[in-house]
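To get my numbering, take the position in the sequence shown, counting from 1, and add 365.
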Amino acid sequence: MNSAEWFKIYRLRTDPSYGAPVCDICGKPVWDRPDLHHAIVMKRHVQGWPKKRRGLIDVPMNICVLHRFPCHQSAHGRNYRLLVAVQIVRYGWAAIDEWVRGLPFQCSYWDDRRALITDMEWHRGFVDDQEAIEIVEVELPWIL
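Structure (structure tokens):
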């Protein structure tokens, strides 16, 4: 991700009342440089792509803003599905599904379940916006 794309996401997520972006895990402002975490399509999914295409995953609907520690570390654990719910609440299940299906995945990458990445369940079990909203409402009410 180049610096122009990074600052675009930084400005998009900046809360005017703080003048800083808010962490998607803890809800507190991130005063230092935040970590940007791929929530839906990860870098490992696009490693085989030409370098010019790898930036296609660096879009706001795929990026969460997090504190470097401990929030980013917890994003790889129990909060993984929760971050997908946050993105569904922000952008809508249908819009994200359309974006994922528009990515140039090919048969060159197989995920852990040996299914083609084009059939990847990016939504982590969410079938519509409502379930994601319910989870975010309980776990991360500041997102709503």
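Even glycine gets a Cβ: it sits at the ideal position worked out from N, Cα and C.
**Message:** Counting beta carbon pairs with one atom in the segment 416-424 and one in the segment 436-454, are three or more of them shorter than 8 Å?
**Reply:** Touching, no, given that fewer than three Cβ pairs across the two stretches are closer than 8 Å.
**Message:** Mapping the DSSP letters down to three states, classify HIS410 as helix, strand or coil.
**Reply:** Correct three-state label for HIS410: helix.
**Message:** Taking the alpha helix (DSSP H) that HIS437 belongs to, which residues open and close that run?
**Reply:** Note, HIS437: alpha helix (DSSP H), 436-440.
**Prompt:** Out of LYS393, MET366, ASN367, which has the shortest C-alpha to C-alpha gap to ARG378?
**Reply:** Closest option to ARG378, Cα to Cα, is LYS393.
**Request:** Can you tell me which of the three DSSP states LEU421 falls into?
**Result:** Reduced to three states, the DSSP call for LEU421 is helix.
**Request:** Could you tell me which of ILE405, SER439, PRO435 sits nearest to ARG489, measuring between CA atoms?
**Result:** Residue ILE405 is the option with its Cα nearest to ARG489.
**Residues that DSSP places opposite CYS429 in a beta bridge** = HIS402.
**Request:** Counting only the same chain and skipping the five closest in sequence on each side, list residues whose C-beta sits under 6 Å from that of ILE461.
**Result:** By the criterion of a C-beta distance shorter than 6 Å, ILE461 is surrounded in its chain by MET426, once the five residues flanking it on both sides are discounted.
**Asked** Given ASP514, which residues of its chain have a CB within under 6 Å of its CB, disregarding the five upstream and five downstream residues?
**Response** Nothing can be reported for residue 514, as the shown portion of the chain is limited to 366 through 509.
**Request:** Look at the alpha carbon of HIS432 and the alpha carbon of ASP389, and state the distance between them as a whole number of angstroms.
**Result:** Looking at the two C-alpha atoms, the distance is approximately 9 Å.
**Message:** Can you give me the C-alpha to C-alpha distance between ARG398 and GLU499, rounded to a whole angstrom?
**Reply:** Each residue's Cα considered, the two are about 30 Å apart.
**Asked** Candidates CYS391, ASN367, ALA385, ARG376: which alpha carbon is nearest GLN438's?
**Response** Nearest neighbour of GLN438 by Cα position, chosen from CYS391, ASN367, ALA385, ARG376, turns out to be CYS391.
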